[in-house]
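Q: Numbering (UniProt numbering), first residue to last: 1 to 346. Note that CB positions come from ideal geometry on N, CA and C, so glycine has one too.
1. Please classify residue 260 as buried or exposed, where buried requires at least 16 neighbouring CB atoms within 10 angstroms.
2. With the cut-off set at 8 Å, would you say residue 327 and residue 88 are in Cβ contact?
3. For a test of the three-state rule: what should DSSP assign to residue 315, helix, strand or coil?
4. Taking the alpha carbon of residue 48 as the point to measure from, which residue in 233, 275 and 104 has its own alpha carbon closest?
5. Using 8 Å as the Cβ pair cut-off and three pairs as the minimum, do the stretch 183-191 and the stretch 330-344 touch?
6. State the DSSP-derived secondary structure class of residue 60, mapped to helix, strand or coil.
7. With a threshold of 16 other CB atoms inside 10 Å of the CB of residue 145, please say whether the residue is buried or exposed.
8. For residue 275, would you say it is in contact with chain B, using Cβ-to-Cβ distances shorter than 8 Å as the test?
9. For residue 250, which residues does DSSP report across the bridge?
10. Measure from the alpha carbon of residue 313 to the alpha carbon of each residue in 74, 27, 244 and 334, then state which is nearest.
11. Which residues bound the alpha helix (DSSP H) around residue 338?
12. Can at least three beta-carbon pairs, one atom from the stretch 169-184 and one from the stretch 117-127, be found at a separation below 8 Å?
13. Please name the residue, chosen from 106, 238 and 197, that lies closest to residue 258 on a Cα-to-Cα basis.
14. Report all residues from its chain with a CB closer than 7 Å to the CB of residue 131; omit the five preceding and five following residues, and keep chain order.
15. When you compare only the Cα positions, how much space is there between residue 104 and residue 98?
16. Could you work out which residue in 286, 272 and 148 is closest to residue 137 when comparing CA atoms only?
Here is the structure:
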């Protein structure tokens, strides 16, 4: 009898332990984002508010993200691709349509950021950040008016020019200098842009990525092509820097939140997207990373210098002559060839 009681007690303990163990297993979502592109305290607040653990990881380029998704073997619930990559992912059926009933905070987003070419019916994406590409320059080193891409070809500033280590963005600069569309499929126009970059190359100090921020803040160069959000951060650290959107036009870009078809927790992902579109959360987040929020109420919560920044929030007329990137996958081999010819030439 005692032995039987002992066995029953042991079984009861095992059941209790298993039940407790199951209870401790938290709901999770896997979030994949650009490097240094979120306030980590926001993630902690989401976990506390919803009881959902966030597994957070980072990538460096849209192409890295795309390859990871195409290769499979990973199940991200929320990702943050750029406009042209969203266009490609929709075309290749890599994303799921959002249930807007689960994302009521979408109403907080400015209407001008909807119905854009890459997601015309707003079925797949919720805007996260936006901005422009322009020229940041050091006023102590530059005594010319900076209002055109042409200044980046001025021999007077040899070894004082930093270009982006990005084939798409750098070719776009040369195309706009020539008054061509940055989305051109015309090989002749792309070849002309290549020739312009080969002419410019002896003047270039370096082709950089994230390192451009430190280089400009420390005064290593007079000019750099940068994304506006990085410009905001650089100007904060060095008031001698100023940002200009060239008159020939430039890229107007958007990064948005989407859910891949491989997601394991779509409902949790929609809760996260809804949380990120809350004005107070968006304000904290954009204040931390320096990029521009598409939520007007969040803008009003920002420090005055950021709220009134023409770099972060240019007037509508300042961005009239801009283009959104389209997916270049149909001519990517030409881009690769041209970029190789540029970077390989001494």
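A: In brief:
1. Within the chain shown, residue 260 is the residue found at index 260, counting from 1. Counting Cβ neighbours within 10 Å, residue 260 comes out buried, since at least 16 surround it.
2. In the chain shown, the residue the question calls residue 327 occupies position 327. In the chain shown, the residue the question calls residue 88 occupies position 88. It is a contact, given that the beta carbons lie within the stated cut-off.
3. The sequence position of residue 315 within the chain shown is 315, counting from 1. DSSP places residue 315 in coil when its eight states are reduced to three.
4. As a first step, residue 48 must be located in the chain shown, where it is residue number 48. Of the listed residues, the one whose Cα sits closest to residue 48 is 275.
5. yes
6. Residue mapping note: residue 60 aligns to position 60 of the chain shown, counting from 1. In this structure, residue 60 counts as coil in the three-state DSSP scheme.
7. Taking the chain shown and counting its residues from 1, the one referred to as residue 145 is at position 145. That one is exposed.
8. Looking for chain B here will not work: only one protein chain is present.
9. As a working mapping, residue 250 is identified with position 250 in the chain shown. Residue 250 pairs with 322.
10. Residue mapping note: residue 313 aligns to position 313 of the chain shown, counting from 1. With distances taken between Cα atoms, residue 313 lies closest to 244.
11. In the chain shown, counting from the first residue as 1, residue 338 sits at position 338. Counting along the chain, the alpha helix (DSSP H) containing residue 338 begins and ends at 332-344.
12. no
13. As a working note, residue 258 is residue 258 in the chain shown. That would be 106, whose Cα lies nearest to the Cα of residue 258.
14. The residue labelled residue 131 in the question sits at position 131 within the chain shown. Here the set comprises 227, 228, 229, 253, 291 and 292.
15. Position 104 of the chain shown, counted from the start, is the residue given in the question as residue 104. Position 98 of the chain shown, counted from the start, is the residue given in the question as residue 98. Cα to Cα, residue 104 sits roughly 12 Å from residue 98.
16. The residue you call residue 137 lines up with position 137 of the chain shown. Checked all of 286, 272 and 148; the closest Cα to residue 137 is 148.
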